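**Student:** In the numbering used here, the protein residues as written are 31 to 1131. Every residue gets a Cβ at the ideal spot worked out from N, C-alpha and C, and that includes glycine. The structure displayed is predicted, hence computed values, not measured ones. Submitted below is the structure of interest, expressed as structure tokens.
Okay, here's the thing in structure tokens:
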């Protein structure tokens, strides 16, 4: 039941391979993980502790104890015991059920099998039994069981390819490589069994992009970094097998270090109820003291006259002690102001609301047969009070599918027709996709709707040919054939995959590559190009180029990259085409598409040989090597001839733009927290309309130190305040401790602003001295985008807003990297997407598409909040009216704690007499229907402002109840007072009086529901949807590529080529430059820079 051992805090970790006995001395955690809250032994105490944190439960337990004392109890104990036990049992069963599914998920993971080297042979072991220091074998498409040091693989030089979607949400492949000394071990079991290296490394931590350590083996030491480590949660791709040594296991792995703890969540109404119950108890104490004092006075002055009739002995009962007992008796009698049935009714209403969410067909996704699911029943009304949404990007806002949408070739646009623009609707067969059936190797999943491009190809347009040739040759894609003989592309960047697939469908099919050649099929003819040089991508160049020799002997340079960079390299003769292509790029960017410019250059043979000789010399340098190589790249990538541009869509999920727009109109702020690179996140921001060209400023924070980040935040705030004349008197300084911002400051900010911050800057910004500045600036911005953030940083951002803004937060994501964020927010929503079910299992609500979020909040959330508030107002009103009659009656019964109602009426008042109307109102009531809730998002704002149930509303209900109780008691009392019948006797007795009041009470409180239902019809708020017009954008796409720097050099080095690849074509001269330093470039940590993101209105800090 207990998976991991308790151990002291580590400073560093020492692990010896194949030596469990040695490693057990350090008491390292085993590989068993548990995300559940309870086990068999801890369930009862922990669950009861959590339940009795609810003040009402503790209050009812206290009353139950009082009712067990005969001297003071006016009511039998079971009237409190049975409902209390029922509520606690129901809640415990629900919590146990939720935790059972967590245990089930944990067991499923812990019982996965992995091949472990034990006693010189591979044995199948459950993941939970894998130990630190074990050597594990992984096969293609297997999950990684623990954090491993890569020893060897099936690929050349110990390379392997991994997918890290569960860690950072990215599905593009990443490269890891083993040390050369261990890669020689290969798959030789005997040599691996004798491997006894010792690793000394950092202690377990949550930094996904950093690892430091040293391997000591055979009297030599080898440094280790993140490129040698495969983390738990990754999937091995495009690699037959690999062997790794377990460094961190179970809860010590970086994946588990980034997953937050499961927290006990309560709604703001629950927290308010705790306060109100304390106030009500104080109110009861006051009433009890008043009645107890009255009893003591009555006993002292009047009570003595009854002792003769009651046969009391002298001194047996004094007035003070009588008052003391009466005090507790009245506490019991008056406790029905907050009856246990209130909490039973609340749970029933919440359960009903949860079923409405589960049954909502408009949130059902038929393609995957996935309904919406309320995985908890305690948070529904909180859905109607959301102020901040923290969203993942990949797989949440987007489908993580790149699609070739449009292109501009030689000044002509090809692509889908846009019905919104009249001049675009004359395309031939514009609504019918191009039929690629004539091409047997085409990818049928991709569609292109412009037949004119196919016609241009058939007519032999040379510019179109050259354009498609660039797409087929200038990339880092690897090809292979599956068992069915189909051509499969392995891509590190999904964008490149979309471009190469587009060329493939249009007849220019990339077939294979070696370190020296690239073979493509051009309209049915195989053509092999000699690869002379590969000018790789990096974050500064923002482009990549290849230099090839075609079969005719011509040398061509083909280049693609960010238009802002590539246009500066064009030959002056391209001026007219450049103007036209620029307009096309603006149109593409305005539609949220990711753009690349395409160009080429014809090279003279003699010039290229001289240039290549200089490049070889530069590659042999030790000092300033990178600068010399970059300078040579710049020299040859000039005087380019423009061919056109591509437009790739990182396809948004259906309905994302409408959802974001509606939620913004509902005054909900959306922050995007993504592990993706900055340019990609910015493009999606524009595509979703979260970022627009109409914004006053876009602040980019990219400092590498705390001082730089503080200064950039300060400048951004100064810039923002200068643009708002209300702050023209200077920079506004906030006290360090005053992190809760004044809403007046935000309301004074006019205009729309956006904040974009990188992960390394965010790490400094979250420090205690700076986070106030970050929060102040972020909350004054309409949109916030955090790029390259770790799972833990996502949770820290959520906690920052929760703690200092006192706002209700919602986090939504689809991968394991979103789990900690989902657990930290008030409401966690999981999308059952492409990255597994981890987010769903940790969430409070789940569905299949982001667009369902607006229905969850604007319809179900608003209804739940509206119904719960109305229910609570009515419930407190009717119970004050019901209970305070006892208080008034006390003055007429000698303060004897006698109940005015029959005991059964007291017991059944909330359970039978008034239960169905209030439950029906709490479950079914609607002020407007679902369509109006969606059409008028402003209706959501009362929940954010907490207008429908707060302390003021409570006191109004309390006053109304007191007034009703006065009328219910004194009107019948006055009616029956000194009234005689025809026979001269009193008409009323105690029972008749009680029945009259009880009947009046039931009628009055029931009529009140009807009166509340007849609310005045108010005019609907004006519809303020944003116009769905196309945005003309001057923004240039800053996107280049998503693959690692150095990956192209790795391909051309041939060190990742399998031996089965065909040899170079005979007769072709081998001119590939020396590439001995490819592994150095691959090891360099790639950091996002913002130098290429050009926006007229963007503040570059």
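(1) Looking at residue 193 and residue 272, is the spacing between their C-beta atoms short of 8 Å?
(2) Taking the C-alpha atoms as reference points, what is the distance between residue 237 and residue 259?
(3) Tell me which residue opens and which closes the beta strand (DSSP E) that residue 362 is part of.
(4) Can you tell me the Cα-Cα spacing of residue 167 and residue 54, whole angstroms?
(5) Starting from residue 875 and walking both ways along the beta strand (DSSP E), at which residues does that stretch end?
(6) Straight-line CA distance for residue 610 to residue 497?
(7) How is residue 921 classed by DSSP in three states: helix, strand or coil?
(8) Please go through the stretch 201 to 263 and give each complete alpha helix (DSSP H) segment of 4 or more residues, from N-terminal end onward.
(9) Go ahead and pull the three-state DSSP assignment for residue 432.
(10) So, with DSSP's three-state summary, where would you put residue 121?
(11) Going by DSSP in three states, residue 56 sits in which element: helix, strand or coil?
(12) Any contact between the stretch 898 to 912 and the stretch 418 to 438? By contact I mean 3 or more CB pairs, one from each, below 8 Å.
(13) Going by the DSSP bridge assignment, what does residue 716 pair with across the sheet?
(14) For the pair the stretch 299 to 314 and the stretch 76 to 88, tell me if three or more CB-CB distances fall below 8 Å.
(15) Any C-beta of chain D sitting closer than 8 Å to the C-beta of residue 998?
(16) With 16 other CB atoms within 10 Å as the buried threshold, where does residue 41 fall?
(17) DSSP three-state call for residue 43: helix, strand or coil?
(18) Does DSSP put residue 182 in a helix, a strand or coil?
(19) Please determine, among 127, 853 and 842, the residue with the shortest C-alpha to C-alpha distance to residue 876.
(20) Closest by CA to residue 289, which one among 848, 977 and 1030?
(21) Find out if the Cβ-Cβ distance for the pair residue 262, residue 283 is shorter than 8 Å.
(22) Locate the beta strand (DSSP E) running through residue 275, then write down its first and last residues.
(23) Please report how far the alpha carbon of residue 427 lies from the alpha carbon of residue 682, in whole angstroms.
(24) Exposed or buried, which one is residue 417 when buried takes at least 16 other CB atoms within 10 Å?
(25) With distances taken between CB atoms, is the gap from residue 374 to residue 310 smaller than 8 Å?
(26) Is it buried or exposed, residue 690, if we count other Cβ atoms within 10 angstroms and call 16 or more buried?
(27) Quick check on residue 459: does DSSP put it in helix, strand or coil?
(28) The beta strand (DSSP E) spanning residue 630 covers which residue range?
(29) Cβ atoms of residue 805 and residue 834: under 8 Å apart, would you say?
(30) Taking the alpha carbon of residue 992 as the point to measure from, which residue in 969, 975, 954 and 1035 has its own alpha carbon closest?
(31) Per DSSP, what kind of secondary structure is residue 107 in: helix, strand or coil?
(32) Residue 177 bridges to which residues according to DSSP?
(33) Determine which residues share a DSSP beta bridge with residue 600 and list them.
(34) How is residue 154 classed by DSSP in three states: helix, strand or coil?
(35) Can you list, in chain order, the residues of its chain whose CB lies under 6 Å from that of residue 898, leaving out five sequence neighbours each side?
(36) Between which residues of its own chain and residue 221 is the CB-CB distance below 8 Å, once the five residues before and five after are set aside?
**Tutor:** According to the data block:
(1) Translated into the one-based positions of the chain shown, residue 272 becomes position 242. Translated into the one-based positions of the chain shown, residue 193 becomes position 163. In this structure, residue 193 does not lie closer than 8 Å to residue 272 by Cβ.
(2) For the purposes of this step, residue 237 is taken as the residue at position 207 of the chain shown. For the purposes of this step, residue 259 is taken as the residue at position 229 of the chain shown. Cα-Cα distance, rounded: 13 Å.
(3) Working through the chain shown from its first residue, we reach residue 362 at position 332. Looking at the DSSP string, residue 362 is not in any beta strand (DSSP E); the run it does join, the alpha helix (DSSP H), is 349 to 363.
(4) Locating residue 167 in the chain shown gives position 137, counting from the first residue. Locating residue 54 in the chain shown gives position 24, counting from the first residue. Looking at the two C-alpha atoms, the distance is approximately 21 Å.
(5) Along the chain shown, one-based indexing puts residue 875 at 845. Residues 875 to 877.
(6) Here residue 610 refers to the residue found at position 580 of the chain shown. Here residue 497 refers to the residue found at position 467 of the chain shown. Taking the straight line joining both Cα atoms gives about 16 Å.
(7) Within the chain shown, the letter at position 891 stands for residue 921. Note: residue 921 maps to coil in three-state DSSP.
(8) 210 to 213 and 219 to 224
(9) The residue labelled residue 432 in the question sits at position 402 within the chain shown. DSSP places residue 432 in strand when its eight states are reduced to three.
(10) Within the chain shown, numbered from 1, the residue matching residue 121 stands at position 91. Of the three classes helix, strand and coil, the one that applies to residue 121 here is helix, per DSSP.
(11) Locating residue 56 in the chain shown gives position 26, where the first residue counts as 1. DSSP places residue 56 in coil when its eight states are reduced to three.
(12) no
(13) Here residue 716 refers to the residue found at position 686 of the chain shown. Its beta-bridge partners do not exist; DSSP assigns none.
(14) yes
(15) The structure shown contains no chain D; it is built from a single protein chain.
(16) Position 11 of the chain shown, counted from the first residue, corresponds to residue 41. Looking at its Cβ environment, which holds fewer than 16 other Cβ atoms inside 10 Å, residue 41 is exposed.
(17) On the chain shown, position 13 is the one that residue 43 refers to. Here residue 43 sits in strand by DSSP.
(18) For the purposes of this step, residue 182 is taken as residue 152 along the chain shown, with counting starting at 1. Three-state result, residue 182: strand.
(19) The residue labelled residue 876 in the question sits at position 846 within the chain shown. Cα-wise, what sits closest to residue 876 is 842.
(20) Numbered from 1 along the chain shown, position 259 holds the residue referred to as residue 289. Closest option to residue 289, Cα to Cα, is 848.
(21) As a first step, residue 262 must be located in the chain shown, where it is residue number 232. As a first step, residue 283 must be located in the chain shown, where it is residue number 253. Contact: yes.
(22) In the chain shown, counting from the first residue as 1, residue 275 sits at position 245. Residues 271 to 278.
(23) One-based indexing of the chain shown puts residue 427 at position 397. One-based indexing of the chain shown puts residue 682 at position 652. Each residue's Cα considered, the two are about 6 Å apart.
(24) Counted from its first residue, the chain shown places residue 417 at position 387. The residue is buried, with at least 16 neighbouring Cβ atoms inside 10 Å.
(25) Within the chain shown, numbered from 1, the residue matching residue 374 stands at position 344. Within the chain shown, numbered from 1, the residue matching residue 310 stands at position 280. The answer is no: Cβ separation not under 8 Å.
(26) For the purposes of this step, residue 690 is taken as residue 660 along the chain shown, with counting starting at 1. When all chains shown are included, residue 690 counts as buried.
(27) Taking the first residue of the chain shown as 1, we reach residue 459 at position 429. The predicted model places residue 459 with a pLDDT of 43, which falls under 50 and marks its position as unreliable; any figure quoted below should be read in that light. Three-state result, residue 459: coil.
(28) On the chain shown, residue 630 is found 600 positions in, with the first residue counted as 1. Segment 624 to 633, the beta strand (DSSP E) holding residue 630.
(29) Along the chain shown, read from residue 1 onward, the residue named residue 834 stands at position 804. Along the chain shown, read from residue 1 onward, the residue named residue 805 stands at position 775. Closer than 8 Å, so yes.
(30) As a first step, residue 992 must be located in the chain shown, where it is residue number 962. Considering only alpha carbons, the answer is 1035.
(31) The sequence position of residue 107 within the chain shown is 77, counting from 1. It is coil, neither helix nor strand.
(32) Counting from one through the chain shown, the residue named residue 177 turns up at place 147. According to DSSP, which records beta bridges pairwise, residue 177 is partnered with 278.
(33) Sequence index remark: in the chain shown, residue 600 carries index 570 (1-based). In the DSSP output, where bridge partners are listed per residue, residue 600 has 670.
(34) In the chain shown, residue 154 corresponds to position 124, counting from 1. Residue state, collapsed to three classes: strand.
(35) Here residue 898 refers to the residue found at position 868 when the chain shown is read from its first residue. Closer than 6 Å at Cβ, skipping near neighbours: 411.
(36) As a first step, residue 221 is located in the chain shown; it is residue number 191 there, counting from the start. The answer, listed in chain order, is 215.
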